[in-house]
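The listed protein sequences derive, respectively, from chains H and P.
Residue numbers 1 to 113, in our numbering, belong to the letters of the first sequence in order.
Residue numbers 114 to 230, in our numbering, belong to the letters of the second sequence in order.
Glycine included, C-beta positions come from ideal geometry on N, C-alpha and C.
Model, not experiment: these values are computed from the prediction.
To keep things clear, I will list the structure first and then write my remarks on it.
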Amino acid sequence: DGGITQSPKYLFRKEGQNVTLSCEQNLNHDAMYWYRQDPGQGLRLIYYSQIVNDFQKGDIAEGYSVSREKKESFPLTVTSAQKNPTAFYLCASSKTGASYEQYFGPGTRLTVT
Amino acid sequence: AQKVTQAQTEISVVEKEDVTLDCVYETRDTTYYLFWYKQPPSGELVFLIRRNSFDEQNEISGRYSWNFQKSTSSFNFTITASQVVDSAVYFCALSVHGSGNTGKLIFGQGTTLQVKP
């Protein structure tokens, strides 16, 4: 089945530790995105990539980093510099361009204490 | 700048009632795309519909219908004869062709719909 996988579903970390969230897609999409969702809030864009080995900052990139070494994979690292990392993180992919819908993974709920 | 506003934070209806979720958008681009997504309790967003700025035809898909009006910058979503399985958070989103045609989505805050049996 084609789709997007994110692992793990739940992740717990101590404050001050970096943590990497996985996102893999087998939809052959060029574009991939990371969003953050806080309770009662809409989704905010962290980073996006339209092609392998290239990515751009979204609206809330501070404290996060990404890589795009393979078309299928777009991991997100939440660094210790992120002041409030506890949130629900969603990865998405799409064909390149504004007209295409994005397909989302199941999300990772990160809790930092 | 682009913006999407979903003024209804929460809506509660009884099963079989019709319900309309409002979405108002702002953009100066002439070419843009509007989307609706459903987020069930599992958390994954499910794509429902896309509409481009040049197509104001309303669309119906089963119990779902969408009303796009450029004159009021609105893209409202109606569920007819609601069911308990419709309970979810619904997001309206906008992407614009300008600024590099990146496909970035601007989301509204979401409307939580609760359908009671």
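_Check whether chain P comes within 8 Å of Gln50 of chain H, counting only Cβ atoms and requiring the distance to be less than that._
Against the first sequence, residue 50 of chain H aligns to sequence position 50. Judged by the 8 Å Cβ criterion, Gln50 of chain H is in contact with chain P.
*Would you decide whether Gln170 of chain P is buried or exposed? Buried here means 16 or more other CB atoms lie within 10 Å of its CB.*
Sequence index remark: in the second sequence, residue 170 of chain P carries index 57 (1-based). It counts as exposed.
*Does Arg163 of chain P come within less than 8 Å of chain H when only Cβ atoms are used?*
Within the second sequence, residue 163 of chain P is the residue found at index 50, counting from 1. Output row for Arg163 of chain P: interface = yes.
_Going by beta-carbon coordinates alone, are Leu90 of chain H and Gly63 of chain H separated by less than 8 Å?_
Locating residue 90 of chain H in the first sequence gives position 90, where the first residue counts as 1. Locating residue 63 of chain H in the first sequence gives position 63, where the first residue counts as 1. The answer is no: Cβ separation not under 8 Å.
*Just the C-alpha distance for His29 of chain H and Val52 of chain H, rounded to the nearest angstrom, thanks.*
On the first sequence, position 29 is the one that residue 29 of chain H refers to. On the first sequence, position 52 is the one that residue 52 of chain H refers to. Looking at the two C-alpha atoms, the distance is approximately 11 Å.
*Phe104 of chain H at chain P interface by Cβ criterion, 8 Å*: As a first step, residue 104 of chain H is located in the first sequence; it is residue number 104 there, counting from the start. The Cβ of Phe104 of chain H sits closer than 8 Å to at least one Cβ of chain P.
_Between the alpha carbons of Ser208 of chain P and Leu45 of chain H, how many angstroms are there, rounded?_
As a position in the second sequence, residue 208 of chain P is number 95, starting the count at 1. As a position in the first sequence, residue 45 of chain H is number 45, starting the count at 1. Approximately 12 Å between the Cα atoms of the pair.
_Within a Cβ cutoff of 6 Å, which residues of the same chain sit near Gly211 of chain P, ignoring the five residues on either side of it in sequence?_
As a position in the second sequence, residue 211 of chain P is number 98, starting the count at 1. If we look at Gly211 of chain P and ignore the five residues flanking it on each side, its Cβ neighbours are Asp142.
*Check the DSSP bridge columns for Glu62 of chain H and list the partner residues they point to.*
Taking the first residue of the first sequence as position 1, residue 62 of chain H is located at position 62. The secondary-structure analysis by DSSP pairs Glu62 of chain H with nothing; it has no beta-bridge partner.
_Checking 8 Å against the spacing of the C-beta atoms, do Thr79 of chain H and Asn18 of chain H come in under that value?_
Position 79 of the first sequence, counting from 1, holds the residue named residue 79 of chain H. Position 18 of the first sequence, counting from 1, holds the residue named residue 18 of chain H. Contact: yes.
*asked:* Quick check: is the beta carbon of Leu226 of chain P nearer than 8 Å to any beta carbon in chain H?
replied: Counted from its first residue, the second sequence places residue 226 of chain P at position 113. Proximity of Leu226 of chain P to chain H, defined by a Cβ-Cβ separation below 8 Å, is not satisfied.
*Is the region 97-104 of chain H close to the region 171-178 of chain P, with three or more CB pairs under 8 Å?*
In short, these stretches do not touch, since the Cβ pair count stays below three.
_Residues bridged to Tyr48 of chain H [DSSP beta-bridge criterion]_ = Position 48 of the first sequence, counting from 1, holds the residue named residue 48 of chain H. DSSP output for Tyr48 of chain H lists H:Tyr33, H:Gln56 as bridge partner(s).
*How is Lys183 of chain P classed by DSSP in three states: helix, strand or coil?*
The residue you call residue 183 of chain P lines up with position 70 of the second sequence. DSSP places Lys183 of chain P in helix when its eight states are reduced to three.
_I need the straight-line Cα distance from Ser22 of chain H to Gln37 of chain H, nearest angstrom please._
Position 22 of the first sequence, counted from the first residue, corresponds to residue 22 of chain H. Position 37 of the first sequence, counted from the first residue, corresponds to residue 37 of chain H. Distance between the alpha carbons of Ser22 of chain H and Gln37 of chain H: 16 Å.
*Ser93 of chain H beta carbon near the ligand FMN (any heavy atom closer than 7 Å)*: Absent from the structure shown: the ligand FMN. Ligands present: none.
*Along chain H, in chain order, which residues have C-beta atoms closer than 9 Å to that of Ser78 of chain P?*
Outside the displayed span of chain P (114 to 230) sits residue 78 of chain P, for which this structure offers no information.
*asked:* When you compare the CB positions of Asp131 of chain P and Thr193 of chain P, do they come within less than 8 Å of one another, or not?
replied: Numbered from 1 along the second sequence, position 18 holds the residue referred to as residue 131 of chain P. Numbered from 1 along the second sequence, position 80 holds the residue referred to as residue 193 of chain P. Taking 8 Å as the Cβ cut-off, Asp131 of chain P and Thr193 of chain P qualify as a contacting pair.
*Nonlocal neighbours in the same chain, by C-beta distance under 8 Å from Gln82 of chain H, ignoring five residues either side*: Here residue 82 of chain H is taken as the residue at index 82 of the first sequence, counted from 1. By the criterion of a C-beta distance shorter than 8 Å, Gln82 of chain H is surrounded in its chain by Glu62, Gly63, Tyr64, once the five residues flanking it on both sides are discounted.
*Could you name the residues of chain H that Tyr146 of chain P contacts, counting a contact when the two beta carbons are closer than 7 Å?*
Position 33 of the second sequence, counted from the first residue, corresponds to residue 146 of chain P. Correct list: Ala98, Ser99.
_Given this structure, state the Cα-to-Cα distance separating Thr5 of chain H from Ala92 of chain H, to the nearest angstrom._
Taking the first sequence and counting its residues from 1, the one referred to as residue 5 of chain H is at position 5. Taking the first sequence and counting its residues from 1, the one referred to as residue 92 of chain H is at position 92. When rounded, the distance between both Cα atoms is 10 Å.
_Rounded to the nearest angstrom, what separates Ile162 of chain P and Lys217 of chain P at their Cα positions?_
Numbered from 1 along the second sequence, position 49 holds the residue referred to as residue 162 of chain P. Numbered from 1 along the second sequence, position 104 holds the residue referred to as residue 217 of chain P. Straight through space, the alpha carbons of Lys217 of chain P and Ile162 of chain P are spaced by roughly 16 Å.
*Compare the C-beta of Gly221 of chain P against all C-beta atoms of chain H and say whether one is closer than 8 Å.*
As a first step, residue 221 of chain P must be located in the second sequence, where it is residue number 108. Yes, contact with chain H.
*Which residues bound the beta strand (DSSP E) around Lys116 of chain P?*
For the purposes of this step, residue 116 of chain P is identified with residue 3 of the second sequence, where counting begins at 1. Per DSSP, the continuous beta strand (DSSP E) segment holding Lys116 of chain P begins and ends at 116-118.
_If contacts are defined as beta-carbon pairs under 8 Å, then Ser184 of chain P and Leu226 of chain P qualify, I think. What distance do you get, rounded to the angstrom?_
Stepping through the second sequence from its first residue, residue 184 of chain P is reached at position 71. Stepping through the second sequence from its first residue, residue 226 of chain P is reached at position 113. That pair is no contact at about 26 Å.
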